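Encoded as structure tokens, the structure appears first; notes follow it.
Residue numbers (the numbering used here), protein chains in the order written: chain A, 1 to 273; chain B, 1 to 208.
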């Protein structure tokens, strides 16, 4: 009995060390794991996959470095998928701190897919305004983005000459770590019937399933798990796929510790009674 | 190349400094925390000035004047004044001036939000809830929604049938919280994995 109680009262620093070990070892050893693709991610993939070549996809970078480990792999995988399908990509965002992450991903993916800035993709950068801007872009994108983030006029990009508002955007992708995805769905999806898919952090995912079930979004990529599933679908494993064994090991440890802690608690309560 | 190496070493040092909080609160952690907050704020200010205020206000004003678009140039004075009024918030004696631009912002937010809440949230969610009772899932949705709503009905004491319903509502709420907590744990572990990946891959080159 004392054994369980001792285990239940073990110093938290030991638990941190254990967690560090179970996270680090799988990253180094890289055990092979099979990733089962969930329906929400498959739907998100399908929404991109069904678009005809030349369609315009707008990716909104609504996350910043604090959630990059989860959302950045989604951005990389989505860009690979969009470029493979020869879609035109517009990148913009609602968080100033997130836009450099878009540049990192574009600099990584565009050269390997043979895509050229201005011909195949543009980066508008960040503009303030949030919901007012979201609604305003339904009339004319140029009211908010006359130039890209390098101060080059939008109309100097050939494919942008035909893009004026949401009617010209086949799919909107919000990669979000907060309530921005909700705003895109409510303000743009509701008002303009814009097709939307969302990639979000694990914390946000449960709140977004309601939109998926109601058909307000066409797909949902939730957390590192979702990112790894998308990487599986685009057949290019990346950092998310690499992190999944560590994720599973950490979850296993947490469940084990929860069980041990509860047994210890129940036994000590029984003893006191 | 050299700058990349220096950057990686700084990032790795700051990561370890932040993780040192797990042992206990210490000066390394505090320094890293302050650097993070300061850098983020500094970056946001520079970004807002260089990519928004300067091109959209200063440049736009100059360009419009040069093209003789006087109306489009001088209208920019209005957001400039509102922006300056907003900054008055930091001076206690004239902080009340900031209420004007705040009220303007709140007005826009409410106006837009009202339509979005009804059109983009309430109506689609209600219509999705009202499903035909032909599957077990739909039946569970009905029970969950009704029971949870009854739990939040506080005008009557939760006794008898109302008590039973509200207890069922608590179960549904707890299941929702559980799912949310599970995802939160996953998210936090993901962030830890991200940092470990950075330390082992970018810094120590243990993995390739």
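Each residue gets a CB set at the ideal place from its N, CA and C atoms; glycine is no exception. Here the structure is a predicted model, which is why all the values come from computation and not from measurement.
Look up residue i in the DSSP assignment and give the residues it is bridged to.
i: residue 197/A; result: 173/A and 219/A
i: residue 61/A; result: 93/A and 175/A
i: residue 122/A; result: 90/A
i: residue 36/B; result: None; residue 36/B has no bridge partner.
i: residue 117/A; result: 121/A
i: residue 180/A; result: DSSP, once it has assigned bridges, lists no residue as partnering residue 180/A.
i: residue 56/A; result: 88/A
Given that residue i touches chain B, what residues does it touch there, using C-beta distances under 7 Å?
i: residue 135/A; result: 112
i: residue 94/A; result: Those do not exist, as residue 94/A stays about 13 Å from chain B at its closest Cβ, beyond 7 Å.
i: residue 151/A; result: 55
i: residue 216/A; result: 124
i: residue 210/A; result: 125
What residues from chain A crowd round residue i, counting only those whose CB sits closer than 8 Å?
i: residue 193/B; result: 23, 27, 69, 224, 243, 246, 247 and 250
i: residue 179/B; result: 206
i: residue 104/B; result: Chain A residues near residue 104/B: none, gap ~11 Å exceeds 8 Å.
i: residue 200/B; result: 24, 27 and 28
i: residue 219/B; result: Any property of residue 219/B remains undetermined from this structure, which presents chain B solely from 1 to 208.
Which chain B residues sit within Cβ distance under 8 Å of residue i?
i: residue 213/A; result: 128
i: residue 128/A; result: 48 and 52
i: residue 125/A; result: 51
i: residue 13/A; result: 22 and 23
i: residue 16/A; result: 22
Compute the beta-carbon to beta-carbon distance between residue i and residue j, rounded to the nearest angstrom, for a pair I have assumed lies under 8 Å.
i: residue 206/A; j: residue 179/B; result: 5 Å
i: residue 24/A; j: residue 200/B; result: 7 Å
i: residue 71/A; j: residue 177/A; result: 6 Å
i: residue 109/A; j: residue 130/A; result: The Cβ separation is near 27 Å, so there is no contact.
i: residue 203/A; j: residue 184/B; result: 5 Å
i: residue 144/A; j: residue 51/B; result: In fact, because the Cβ distance is near 12 Å, the residues do not count as touching under 8 Å.
i: residue 275/A; j: residue 5/A; result: With chain A covering only 1 through 273, there is no way to say anything about residue 275/A.
i: residue 76/B; j: residue 57/B; result: 6 Å
i: residue 166/A; j: residue 188/A; result: 7 Å
Name the chain A residues that come within less than 7 Å of residue i, Cβ to Cβ?
i: residue 184/B; result: 202 and 203
i: residue 44/B; result: 96 and 97
i: residue 206/B; result: 28
i: residue 187/B; result: 70, 201, 202, 203 and 223
Please list, in chain order, the chain B residues whose beta carbon lies closer than 9 Å to that of residue i.
i: residue 191/A; result: 115, 116, 119 and 120
i: residue 147/A; result: 55
i: residue 239/A; result: 193, 194, 197 and 201
Closer than 9 Å by beta-carbon distance: list the chain A residues that pair up with residue i, in chain order.
i: residue 175/B; result: The contacting residues do not exist; residue 175/B stays about 11 Å from chain A at best.
i: residue 108/B; result: 131 and 132
Quick check: the stretch 216–235 of chain A against the stretch 68–80 of chain A, are at least 3 beta-carbon pairs closer than 8 Å?
yes
Say whether the stretch 90–100 of chain A touches the stretch 111–124 of chain A, bearing in mind that this needs 3 or more beta-carbon pairs closer than 8 Å, one atom from each stretch.
yes
Which runs of the beta strand (DSSP E) fall wholly inside the stretch 121–164 of chain A and span at least 3 residues, in chain order?
121–126
Curious, which full-length alpha helix (DSSP H) runs of at least 4 residues does the stretch 128–175 of chain B contain?
136–151
With a floor of 4 residues, list each alpha helix (DSSP H) that falls wholly inside the stretch 83–123 of chain B, ordered by position along the chain.
99–117
Report yes or no: do three or more beta-carbon pairs, one from the stretch 186–197 of chain B and one from the stretch 220–228 of chain A, lie closer than 8 Å?
yes
Under 8 Å, with one C-beta from each stretch per pair, do the stretch 154–161 of chain A and the stretch 34–46 of chain A reach the 3-pair mark?
no
Is it a yes or a no for the stretch 149–167 of chain B touching the stretch 205–221 of chain A, going by three-plus beta-carbon pairs under 8 Å?
no
Which residue spans inside the stretch 2–34 of chain B form an unbroken beta strand (DSSP E) run of at least 3?
none
Cβ contact check for the stretch 167–182 of chain B and the stretch 181–197 of chain A: 3 or more pairs under 8 Å
no
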